[in-house]
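Undergrad: First the structure, then my questions, so here it is.
Numbering (the working numbering), first residue to last: 1143 to 1218.
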């Protein structure tokens, strides 16, 4: 499920809150959520809270504007 504009959700049991990027997947991974604007999550079991975050690492929590995740099963 999605709240906001331009959010495209492909993952099962996933969602987004905020504004996405037109014609770009916001969340592709299963069991993942994005809170913020222009995020792209293609990982499973991953949560993003911030803006302009792109991640493909499973089992991560990414916090902050323009943040990155460098390894799985961690908080960055």
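The beta-carbon is built from N, C-alpha and C at its ideal position, and this holds for glycine as well. Note that the coordinates shown come from a computational prediction; the quantities given were computed from them, not determined experimentally.
Exposed or buried, which one is residue 1147 when buried takes at least 16 other CB atoms within 10 Å?
TA: Looking at its Cβ environment, which holds fewer than 16 other Cβ atoms inside 10 Å, residue 1147 is exposed.
Undergrad: Closest to residue 1213 by CA distance: which of 1199, 1184, 1182 and 1206 is it?
TA: Selected option, being the one with the closest Cα: 1199.
Undergrad: Nearest to residue 1193 by CA position, among 1175, 1186, 1201 and 1187, is which residue?
TA: The shortest Cα separation from residue 1193 among 1175, 1186, 1201 and 1187 belongs to 1175.
Undergrad: Taking all protein chains shown into account, decide if residue 1143 is buried (16 or more other Cβ within 10 angstroms of its Cβ) or exposed.
TA: Answer is exposed; the Cβ neighbour count stays below 16.
Undergrad: Taking 7 Å as the limit between beta carbons, can you name the residues of its chain near residue 1196, skipping five residues before and five after?
TA: Excluding residues within five positions, the ones whose Cβ falls inside 7 Å are 1182.
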